[in-house]
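With mature numbering (1 follows the signal peptide of the UniProt record, and there is no 0) applied, the sequence shown corresponds to residues -20 to -1, 1 to 764, in that order.
Think of the CB as a built atom: it goes at the ideal place given N, C-alpha and C, for glycine as much as any other residue.
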Amino acid sequence: MIYPTARAIALGLLCAPTAALLLGPSPAPVCRASPRAASAALRMAEGFTSKEELLLVDEVDRSGVEVDATRESVTAVDTSLVNAVKWTPSARGEPGKTPRDLAFGPIKAYCADLKEVKRRPTRTVECGPIKFGSEHRLVRQTMATTLTSDVEGTIEQVIRCADEGFDLVRVTVVGMKDAIACKKIREGLDARGYNIPLAADMHFAPKVALAVADAVEKIRINPGNFVDGRKTFETMVYETDEDYFKERAFFVEAFTPLVKKCKELNRCMRIGTNHGSLSARVLSFYGDTPRGMVESAIEFADICRSLDFHNFVFSMKASNPLVMVQAYRLLAAEMDRLGWDYPLHLGVTEAGEGEDGRMKSAIGIGALLADGLGDTIRVSLTEDPEFEYAPCNRLAEIADAKLLPSALATQRAVPPYVDIRDITSFARRSGRLPAQKEGDTFDYRGLLNRDGSVLSAVTAKELREPNTLYNALGCKTVVGLPFKDIATSDTLMLREPPALDDEIARRTLKRLMDVAVLPVVPADALAKAPIEGAVALMSLDEAASGAKKPACASRVVLSVRGDESAELMNKIKGIEHAFVLLDPPPTLSRLHAARRLFSLFGALNIDSAVIHHFRPVPSDSSELALQMGTEVGGLLVDGLGDGVLVEPQTPGSFELSMLRTVSFGLLQGSRMRSVKTEFVSCPSCGRTLFNLQEVTAQISERTGHLPGVTVAIMGCIVNGPGEMADADFGYVGGAPGKVDLYVGKEVVRRGVDNEVACDQLIELIKEYGMWKDPEEKEAMEAVA
């Protein structure tokens, strides 16, 4: 018998260094050749199914993952099973002429109604005592962070989650030990009167999944690593679509028994694709794309459907809200044309902690809920699972509110329009930026930032306390004078100018204007208390009717509601203005009014920059992040908008500095403007190999001052390398007490002790020229 590893070497599937770890030195070093050196059929016939062949050897050894197949037990794949599956036609090819297009027609809308919020109609999927689907409430769920083998500890945490209000709790299942523990956990919960269903989170181990189905109500499988767990990012060249499709036999055999068992026991299943753990096969064929995520899930769904098993839901998670939203919409649109009606589990994976984690979750989850997509949600935070309930529940409440008759009235109040968004791709609309003119006293280019702008509402009273105001606006100061910093508010909204004799307030304002922090003031108020060089705010109605800006004003900003006629909107082109402020009244749905505005701007060739004017009611930073992420972030993920102005309905109900930081968090979460280090951190689970909350806090404290740098903090290898695709540096649990450090997708330091890993991470950042000492940074900006 030729061992699988030897076969892999012969076929060019393993390079010499990896092979040597398994078999010892090779007499003739074999570099990695194209995996297409052998056909897909030959690879399957030769039994290329061992988990040890699919992961790097050291990853297997250090991860604790139980391997389903050993070298001695590997058998050839039964290719006949593939023929029993009714596969969905391919979506690859010339648009409009792909096999799927020809069979089912073109892809259409992704939601029930683009003009009104309606839940996407779905079937009902049962999960123990709860039900997923459009006829049922949104299910709130979370994930335990305990070791599943710690039966009592897990029971206690699940009970806390149930008492908090969660409907379902997911637990990590790494191997048979955890599968056995799940049975005891289920029994322990039942004995204490808790029938909350459990979901087993499965990766890599089909046989373990089969065993744990006896104990829990739901099985989550990841198409990217249910069988194929390679994390080497190798390029696999497929000469034809047929070559790619032949490799389906590779996972059909492993997945079929689980589907049959779930059907027999009436278990629920989640086919959960993660952007960070797409298989090498899918990555090579579709790329690291939403399309690849969708097609990966559809293949596994085809197997379920062919076995007449329909008790499953889908998820399309990513740490990037833009990718996540696009993937879910694409899946929903594909299901619509295929005639499928399976529920959706929503979540932004590795969202992080605190306000930033809530913001990213609100942007992604909120954008989808706002269109009626989603039947269960999980807010993945790097915090104890109980703390996920408040934001999770609040997002569900916000979604439910959009279905009320009062909300429906605001949606119907928006005049008809043609939705021009393309759900199959992303393109940001970049509005025209203000330009400088000859003779300008101030720098009006500072009104907006090309990557997204933050406007802050201030009062004359705040202008009378300059040092406090400078700090709240994010300015650096040198000998009492303000200077713009990377996270300084770009522009001010000043409803009432200071009195002409208010010397302190006017001096403060002048100093801000000198560094291009300019005020926008309503035209009538500005006429009464002139400020030389200020920007006048006028409604489109006023400006179009011939009203003149005050003599002291050097620029005009136009305010629109979103329900103006196309004829009136077209007049914008004849009015000189710096940008447009979109300020829908409470009688209009912001989402639909904004979509209409951008649709009209496109049709009329209006290139004005558009700032979203958001007026929150009194609340805290968490609620503000959830509201802004849903209301404004849901538009920014479509590339619609150039920034945000937050002006509370009740003046003084929020701290100015908090409004500014949340606004910048919105832009950064929407992948627009980076003003601080971006952290991609997983929410922890039973696989986590270090104290994730403590490590995340430590790394954030020491590296949080590096705008433009992205650091990924991952507890294990399941999604780590993949979700770090956008990260500059990665900190990944490799073994108990050990960390692997990445630069991009490449491991550069393995097995680093936890105690020194943060120091070595900083060394790497310095080595690659992306480090600045906090003191050095401040000094450089002060001089500038």
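Does the distance from the C-beta atom of residue i to that of residue j stay below 7 Å?
i	j	result
Pro395	Asp543	yes
Pro270	Ala307	yes
Cys141	Thr122	yes
Glu476	Ala440	yes
Lys164	Val217	no
Thr68	Asp321	no
Val536	Ala516	yes
Asn246	Lys297	no
residue 767	Thr390	No statement about residue 767 is possible, as the shown extent of the chain runs from -20 to 764 and does not include it.
Asp622	Val590	yes
Asp587	Arg412	yes
Leu492	Pro462	yes
Lys551	Ala527	no
Ala179	Lys157	no
Val232	Leu61	yes
Leu453	Ala485	no
Asn734	Val712	no
What three-state label does DSSP hand residue i in the structure shown?
i	result
Ala347	helix
Arg409	coil
Pro371	helix
Ala92	coil
Ala715	strand
Thr(-3)	With a pLDDT of 32 at Thr(-3), under the threshold of 50, the modelled position of this residue cannot be trusted; read the value that follows with caution. Of the three classes helix, strand and coil, the one that applies to Thr(-3) here is helix, per DSSP.
Glu547	helix
Asp394	Looking at the sequence shown, residue 394 is not Asp but Val. In this structure, Val394 counts as coil in the three-state DSSP scheme.
Lys77	coil
Leu604	helix
Gly426	helix
For residue i and chain D, any beta-carbon pair shorter than 7 Å?
i	result
Pro101	Reference to chain D is not applicable here, since this structure consists of a single protein chain.
In chain order, what residues of the same chain lie with their CB nearer than 8 Å to the CB of residue i, ignoring the 5 residues before and after it?
i	result
Asn175	Gly108, Pro109, Leu169
Asp739	none
Leu744	Phe709, Leu721, Val723, Val728, Arg729
Val293	Val105, Phe112, Cys248, Met249, Arg250, Ile251, Tyr322, Pro323, Leu324, His325, Asp355, Thr356
Which residue marks the beginning of the beta strand (DSSP E) containing residue i, and which one marks its end?
i	result
His592	590 to 594
Met123	119 to 123
Phe659	658 to 661
Thr471	471 to 474
Using the beta-carbon count (16 or more within 10 Å), is residue i buried or exposed?
i	result
Leu383	exposed
Glu368	buried
Glu611	buried
residue 770	Limits of the chain in this structure are -20 at one end and 764 at the other, which puts residue 770 out of reach.
Pro414	buried
Pro75	exposed
Pro564	buried
residue 767	For residue 767 there is no data in the structure shown, the boundaries of the chain being -20 and 764.
Leu82	exposed
Arg250	buried
Asp420	exposed
residue 766	In the structure as shown, the chain begins at -20 and stops at 764. Residue 766 is therefore absent and cannot be evaluated.
Val501	buried
Thr(-3)	Because the pLDDT of Thr(-3) is 32, which lies under 50, any placement of that residue in the model is unreliable, and the number read from its coordinates should be weighed accordingly. Buried is the call here.
Gln629	exposed
Ala171	exposed
Arg392	exposed
Lys240	exposed
Among residues of its own chain, excluding the 5 on either side of residue i, which ones have a beta-carbon nearer than 6 Å to its beta-carbon?
i	result
Gln648	Ser654
Arg285	none
Leu616	Ser650
Glu658	Thr690
Arg309	Tyr90, Ile403
Phe634	Pro628
Asp336	Gly645
Span of the alpha helix (DSSP H) holding residue i?
i	result
Tyr450	446 to 452
Ala171	156 to 171
Asn734	734 to 747
residue 769	Residue coverage of the chain in this structure runs from -20 to 764, which leaves residue 769 outside it and unanswerable.
Sorted by chain position, which residues of the same chain lie with C-beta nearer than 7 Å to residue i's C-beta, five sequence neighbours on each side aside?
i	result
Asp399	Leu94, Arg575, Ser579
Lys98	Ala92, Gly352
Glu747	none
Gly145	Arg120, Tyr369, Asn373
Met760	Only weak support is given to the placement of Met760: the predicted model assigns it a pLDDT of 39, under 50, and the value that follows is read from those uncertain coordinates. Contacts found: none.
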